[in-house]
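Everything below concerns the one structure shown next.
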């Protein structure tokens, strides 16, 4: 088992503009095979700037944005490994 952690993500993903799968990380794993990825410590930021720390996206995630007076929802989040050459 290899544990990898990132202190900070180099990119931000605007989910309002996503219409296809996007790459968020690339690993050089010579001699190792990826099995799972455990997403922890994800941050959701609404268009008006409300920040929700440690969002658990393993299932449907929902919170209430008081500044916007509306529900914030992340649904059908999926992650997978794809071999590249």
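Residue numbers (our numbering): 204 to 288.
Note that beta-carbon positions come from the ideal geometry of N, C-alpha and C, so glycine has one too.
Per the DSSP secondary-structure output, residue 245 pairs in a beta bridge with 258.
In the DSSP assignment, residue 268 forms a beta bridge with 273.
The beta carbon of residue 253 sits closer than 6 angstroms to those of 268 and 270, all from its chain and outside the five residues before and after it, given in chain order. Exclusion of the five residues before and after residue 280 leaves 260 as the residues of its chain whose Cβ lies within less than 6 angstroms of its Cβ.
The shortest CA-to-CA distance from residue 247 to any of 238, 257 and 232 is the one to 257.
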